[in-house]
Amino acid sequence: MIDKQKRGRYTLYLALCLILYVAAVLGYTSWSNQRHKHIIMAEIDQQLLLAAKALKFMLAPDFHDRAMDKDSISFAEELRNRKAITGYADNTDFTYVYTLVEQDGKFYFSAPTVTEEEAKERKSWYFYPYDDIPAGFVEAFREKKTVFINYSDKWGRFRSIALPQTSPGGRTYLACADYQITDMDALLRHNLVVSILTAFYFFLGSLPFILFFRNFFRSYNAELQEINVELTEHKAHLEEVVVERTSKLQAAHDRLASELVERRRIEADLQEKKHKLEEALAQVKTLRGFLPICSSCKKIRDDKGYWKQIETYVREHSDAQFSHSVCPECARRIYPDLDIDEIEKLCFPKD
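Under numbering that gives the first Met the number 0, the first residue of the sequence shown is numbered 0, with each subsequent residue one higher.
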């Protein structure tokens, strides 16, 4: 059951990795396509700007000051302008280059590119109304700012520029250029398909590595599972050893605790005996209490009822020692012939 769950997780993980890879490839392909498109558009816009700026040099300086209505410019001048403008368009990648003038809120072609088919359709294209003019062109004229737009009309799909210009007489007109981008859109789509196929090709090329690593990790995972089983068994054995050692340590701890209690009891007993011994030693050969002494012979009665000389009793019951001597009074009484006072002065001179 566990192995099935793990295999399911690994399969899901692999599927997610593949989905992520495909999404990343598609995302990069889309980003690369948009970036390529942006680069192409930037190059086209630069060319459109140069073309629009060049138009005024192909016309008479006061042309737009005179282009007030359909009769203000002669057909001969229109043909000269048409030749210059159309020739410029034919020698470049631009589909149309032209100028527009505004009159009473409407816009008219003042110097347009005229193809051979259009020349057959109409004799004069000067001051021809531009009825479906893009809104961006109107905005460029009113706000006097350069506008780049993509638009479609009856002549096709174009990337165009509307560049506001001012004639020497102060009249505003638009210098315009159109670049057909129908083929460019097809080229970008082709590049997108090529990028996707390239990514798919490299994905197919990476499949052997994916399968190799998949099998490698599957084998590695099997080894890990075996090691995990061994570790689990070893862990269980270690737990048993730990329980056994813990039990032994607890028994040893209890035994030591019991011995410690017994030792403390013995130490207390020894301390008490020591104290008693010190008290007994302190009482050894120490005279205290009442001593029965004879008022006549000065003998002392001991604890057994015997009368002993005082020096004998004191020597037996203390550390004191006696040296025999005679006091002056007893000496006069015992030795009346001796001058006791003179002997005392000789033996014990006074300072």
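Every residue gets a Cβ at the ideal spot worked out from N, C-alpha and C, and that includes glycine.
| query | result |
| --- | --- |
| Cβ-Cβ distance between residue 171 and residue 143 below 8 Å | yes |
| Limits of the alpha helix (DSSP H) - the one that residue 141 falls within | 134–142 |
| Whole-angstrom distance between residue 15 and residue 191, CA atom to CA atom | 24 Å |
| Inter-residue CB distance, residue 140 and residue 173 (contact presumed, cutoff 8 Å) | 6 Å |
| Beta-carbon proximity list for residue 147, same chain, < 6 Å, skipping 5 on both sides | 44, 160 |
| Beta strand (DSSP E) segment containing residue 82, residue limits | Looking at the DSSP string, residue 82 is not in any beta strand (DSSP E); the run it does join, the alpha helix (DSSP H), is 74–89. |
| Proximity below 8 Å, CB of residue 72 to CB of residue 127 | no |
| Proximity below 8 Å, CB of residue 61 to CB of residue 166 | yes |
| Own chain residues within Cβ distance below 7 Å of residue 319, not counting five before or after | 313 |
| Buried versus exposed call for residue 254 [16 or more other C-beta atoms within 10 Å across all chains shown] | exposed |
| Segment contact, 8 Å Cβ cut-off, at least three pairs: the stretch 102–122 with the stretch 192–207 | no |
| Whole-angstrom distance between residue 32 and residue 134, CA atom to CA atom | 28 Å |
| C-beta contact flag for residue 39 and residue 183 at 8 Å | yes |
| Start-to-end residues for the alpha helix (DSSP H) that takes in residue 329 | 327–333 |
| Residue 47 versus 22, 25, 64, 96, residue with shortest Cα-Cα distance | 96 |
| C-alpha gap between residue 93 and residue 17, whole angstroms | 45 Å |
| Cβ neighbour criterion (16 or more within 10 Å) applied to residue 55 | buried |
| Residue 76 versus 218, 109, 267, 277, residue with shortest Cα-Cα distance | 109 |
| Straight-line Cα distance separating residue 291 from residue 332 | 28 Å |
| Endpoints, the alpha helix (DSSP H) within which residue 147 is located | Not the alpha helix (DSSP H): residue 147 falls in the beta strand (DSSP E), residues 146–152. |
| CB contact flag (residue 132, residue 158, <8 Å) | no |
| Coil, strand or helix - residue 303 by DSSP | coil |
| Cβ distance (whole Å) where residue 99 is taken to contact residue 87 below 8 Å | Incorrect: roughly 17 Å between the Cβ atoms, too far for contact. |
| Residue ranges of each beta strand (DSSP E) within the stretch 170–222, 3 or longer | 171–179 |
| Three-state secondary structure (DSSP) of residue 242 | helix |
| Per DSSP, the bridge partner or partners of residue 101 | 106 |
| C-beta contact flag for residue 90 and residue 58 at 8 Å | no |
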